[in-house]
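Protein chains in written order, with the working numbering: chain A, 1 to 428; chain B, 429 to 716; chain C, 717 to 996. Read the structure below first, then the notes.
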Amino acid sequence: MKRSKIKYLEAALCCAAVSMAVGGCGNASDDGKIQIEIVQYKPEAANYFSTVEEEFNATHDDIHLKISSPNDAMTILRTRFIREDYPDIIGIGGDINYSYFVEAEILADVSDYEGLQNINQAYLDIDEALELVPTDGIYAVPYVANAAGVLYNKDMFEEHGWEIPQNWGELIALCDEIKAEGILPFYFGFKDTWTCLAPWNSMAVDLSPADTTKQVNRGQTTFSKEYWEISEKYLKLLDYGPSDPFAYGYNDACTAFARGESAMYPIGSYAAPQILSVNPDLNLDSFVMPACDDHDGNTLNSGIDLQFCVTAECKNKEAVYEVLDFLYAEENLQKYIDAQTAIPCKEGNFQLPSILDGMTDYILEGNMKDYQDHYYPSEMAVDAQIQTFLLNKDVDAFLSKFDTDWQRYNRDIIRLVQDYEKEHGTAN
Amino acid sequence: MKNDRERTFLLITIPILALFVCFNTIPLIRGVIYSFTNFKGFGSYDWIGFRNYIDLFTDARVGKSYLFTFKLAVVSTVVVNVLSLVLALGLNSRIRAKSFFRGAYFLPNILGALVVGYIFNYFFTYIIPAVADMIGIEALKSSILSNPSAAWIGVMVVCAWQAIAMNTIIYISGLQTVPEDVYEAGGLDGATGWKQFKYLTFPLIIPFFSINMVLCVKNFLMVFDQIMALTKGGPAQSTESISYLIYNNGMSGGQFGFQSANAVVFFIVIVAVSVAQMRFSGKKEEQL
Amino acid sequence: MKDVMDKKVNTPAMILLILGLSTIIFPLYLTVVIAFKQPSEMTNSISGILSLPKVWSLNNFREAMRITNFWHSLRNSLLITLLTVGLSIAVHSLMGYALGRNKAHSKFYSFVYLFIVSGMFVPFAILMMPIAKQTAELGLANWFGVVVLYVVFYMPMNVLLYSGYLVNIPIALEEAAKVDGASTWRTYWKILFPIMRPMHATVAVLTALAVWNDVMTPLIVMGGSEQNTLPLAQLNFQSQFGTNYNLAFASYLLSLIPILIFYIVCQKQILNGVVNGAVK
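What follows is the structure, given as structure tokens:
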């Protein structure tokens, strides 16, 4: 009896010792192959990437590719950076983290990569714009983009004879009409604060300059001025959503919309897989958020969802470019597009997912602007500030806080920009 | 012989202390160093002296998170300790299916945060409003999680629901140290029920009561998982706990240096609170 | 144990416990039902969520096991948890003993005690980056490093518990052994260690529980390697744009079983009330 505890302990220690001896972490065998490692941040695409990894390794004798798609990749990347254990390629989004990584000189210049010639210039421009201060190099190869606007229930629209609205007036008229028929026009999942950004972004591209944040950093304008109209219009949308939109999360909203509880859902193309998992038979399509009073002023809200960057520490650039060539091969990219309802950043004859039908014209014309929130530092929690604003409905308070908080959270960036301009003169 | 005893104690203490210093104190010191920089978590950084600390005391968001966290911690600690003491007494009394009950009441603590978050979200968003609608309670007809002034109650309920199991276990193990003959002697003096608890049982488990108070206050002040699972700081930033800010803005955002400063101050605050608590309960123990 | 039969069952306590059980049965029911459903059966209506799944099939569980690489992750989780618990009981009880017996009369031990206990209040976020760096520098960016960190992280709580428990164990027991000529070290293992069994079980449960569910430490220490623990593998079910709750719930139910068994085994130890016998 007395000894039993000690015995457990001994047993545990023995187990550990044995498995330490037997199951030690296996390093890949030294067979002279070049090891290339990719860490990419979209775990939902893990299946796609493991297929790519297998196919690549089956067809290449000299390079061994390893792709990991961990959840919380940003934490993993950051801890690996601090350990100075850099993967060769990182797959990240075109957002402020990318800006930081460029600034921190973690990424390598890839302007000598030939595949860049086939990349859609609009997305290369977006990456260029994301750099905090202009640089000479190119630090990312865009892979796929997503787009945000309004998803709608096509069958419901056809049944009632509703038309796709072309401008703000038509959108409001449509909402009134839908409401009059006893149907909820929009569903919102504002309990998850990040969803507050979806309508925000897709209206911002129509109503404020693409480089609003940069203009503010240079002291040329204020958010109170640029975001006034968006804020007013956003409040208007609330009238057409559920009575307590802050009670429902993203998942609730996807489920409700999939079950036909609302006619439209203002969110991005990325929501399609979740919506279709609830109701695979839903006839889903999308249109560009018509926030402008004039149809011609409308723009598609599209940004880089996944791009590949080579780290500065990487020693085998040729091998890396070979891997990139494989990833950007049309049949592989098409597979990704089909699985994730994405928009390719490469030019070519790709079959776009049908839920993007309503946005295709804009994509083909290249009439699109990046998400404004890609320029917001995440710690400023603009999403939560928008949620607060939608609860309080006080435009003045919201925007003046936006302006003061912006100065506070971007102090280092603003100084960087000002230093740069002192040196180079105002760039425009 | 005295030497043997002292030498043994030293031989035990020194290596374990060294291990502790190596993996707790040294990383902490490194972290404190970051709090004097504008480190983003990667890349280069500059020394900025006390700027982070000065910012901290003028940051309304940090101030708000302190208020929320302390409110949550105080209320949850009281609720959890009362309920888990009652539960421990119940589980320790003569009941049938003891093992079953003990196992069942332990479950909330092992359900993953994703599950707990989903179920309680559902509960607050759909079930409570529907029930309130049926019996006509106006105040509960909309989800409390969407109401900035009431959402903390939702967080409190979930924190308590999960924490009770752990505190109950500690109380149960405390109740084991109460010798059976104390009750027998007490029974002869006519001490039963509430009197027996107040004059016999409770004084004997005071050390466990103070451990539980300290652990509870600490756990609730450092609340993070439940916030992530339930509200992610919303609505209107009303449920941002201090740990949530530190993690979210420091690790996920680019404020690593600033949030390190926040963490340093927070550490000092919790130590102060806990020392005060231990002093207080230490005095109580002596009195009894 | 016999006298339990003699005295009658405490009915009010039974009623209270059964009532309280509803707060556990209901969420558990939801978890089980959701774990068996398909994503297409998920709705926002109450009758929908409470209804039983259309088909009772173990497919979700099979799929969840495949995604998490269940047996492999389970092995890692078990290894880390058992080793941490074993080391915690040995190391922390010793430390609790050394500090608990001396902190009242020695300034040094009282300082060490406060120093270690205050380690409990260090926000983990501030340690994350330095720890990621330090474990890598020491070649501990693996499961063993995770165990070492756990032994350090849970030391404050366990030392607090052990030294609290020792207050109720009379020092006379040790003195009696000393008279017989046993060394302090021997006395500890022969007499005190077995006496503290209820506390060992408590510590085992609390430590095991904390370790079993922890994501952060393995994420920053061995994140990105092929080695996963169960909670790390379970992260695969959720991403920002979509969460498969059905598979996730199935997986959480699976990972709940080992720790529940561990608890049930341990809680019998908590109850044996060794102290009572020893004091007499």
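C-beta: ideal position from N, C-alpha, C; glycine also. None of the values given here were measured: they were computed from a predicted structure.
For A704 of chain B, the nearest beta carbon of chain C is not closer than 8 Å to its own beta carbon. Listed along chain A are P43, P70, N71 and D72, each with a C-beta nearer than 9 Å to that of L951 of chain C. Here V771 of chain C is exposed. Its C-beta has fewer than 16 other C-beta atoms within 10 Å. The Cβ atoms of K191 of chain A and L573 of chain B lie closer than 8 Å to each other. In the DSSP assignment, M156 of chain A falls outside any beta strand (DSSP E) and within the unbroken alpha helix (DSSP H) covering K154 to H160. Listed as beta-bridge partners of V144 of chain A by DSSP are A:L306 and A:P344. For I597 of chain B and S512 of chain B, the gap between their C-alpha atoms comes out near 9 Å. In this structure, the straight-line span from the alpha carbon of N537 of chain B to that of P209 of chain A is close to 50 Å. Judged by their CB atoms, A145 of chain A and Y123 of chain A are nearer to each other than the 8 Å cut-off. Under the three-state reduction of DSSP output, T800 of chain C falls in the helix class. For M264 of chain A, the uninterrupted beta strand (DSSP E) run begins and ends at S262 to Y265, by DSSP.
Looking at the DSSP output, G958 of chain C bridges to C:S955. For M594 of chain B, the chain C residues whose Cβ falls inside 7 Å of its Cβ are L922, in order along the chain.
Residue contact with chain B for A256 of chain A: absent (no Cβ-Cβ distance below 8 Å to any residue of chain B). Excluding residues up to 5 positions away in sequence, D127, Q307 and C309 lie with their Cβ nearer than 6 Å to the Cβ of A140 of chain A in the same chain. Around the beta carbon of I565 of chain B, fewer than 16 other beta carbons sit within 10 angstroms, so the residue counts as exposed. With at least 16 other beta carbons inside 10 angstroms of its own, W928 of chain C counts as buried. With contacts defined as CB atoms closer than 8 Å, I343 of chain A and K849 of chain C fail to qualify as a contacting pair. Under the three-state reduction of DSSP, K660 of chain B is assigned to coil, being neither helix nor strand. DSSP places E114 of chain A outside any beta strand (DSSP E), giving it a letter other than H or E.
Under the three-state reduction of DSSP output, Q274 of chain A falls in the helix class.
Assignment of K569 of chain B by DSSP, reduced to helix, strand and coil, places it in the coil class. No Cβ of chain C is located within less than 8 Å of the beta carbon of M562 of chain B. Neighbours of S899 of chain C in chain B, taken as residues whose beta carbon is under 8 Å from its own, are D432 and T436 in chain order. Contact of Y968 of chain C with chain B is assigned, a C-beta pair being separated by under 8 Å.
About 6 Å separates the beta carbons of F451 of chain B and L865 of chain C, which is inside the 8 Å limit, making them a contact pair.
Residue environment for H808 of chain C: buried (at least 16 other C-beta atoms within 10 angstroms of its C-beta).
Between the C-alpha atoms of S773 of chain C and T75 of chain A there is a straight-line separation of about 36 Å. When Cβ pairs closer than 8 Å are counted between the two stretches, the segment 937-951 of chain C is seen to touch the segment 959-974 of chain C, the count reaching three or more.
From the beta-carbon of M781 of chain C, no residue of chain A is found nearer than 7 Å; the closest lies around 16 Å away. In this structure the segment 361-370 of chain A touches the segment 287-301 of chain A; the number of beta carbon pairs closer than 8 Å is three or more. Only residues of its own chain outside the window of five on either side were considered, and among them C175, K179, P185 and F186 have a CB closer than 7 Å to the CB of Y240 of chain A, listed in chain order. Between I696 of chain B and T497 of chain B, the C-beta gap is not smaller than 8 Å, which leaves the two residues out of contact. At a cut-off of 8 Å between beta-carbon atoms, T311 of chain A makes no contact with chain C. A Cβ-Cβ separation of about 18 Å leaves L390 of chain A out of contact with S224 of chain A under the 8 Å criterion. The contact set of S277 of chain A on chain C, defined by CB atoms closer than 8 Å, consists of P755, S756, G958 and N960 in chain order.
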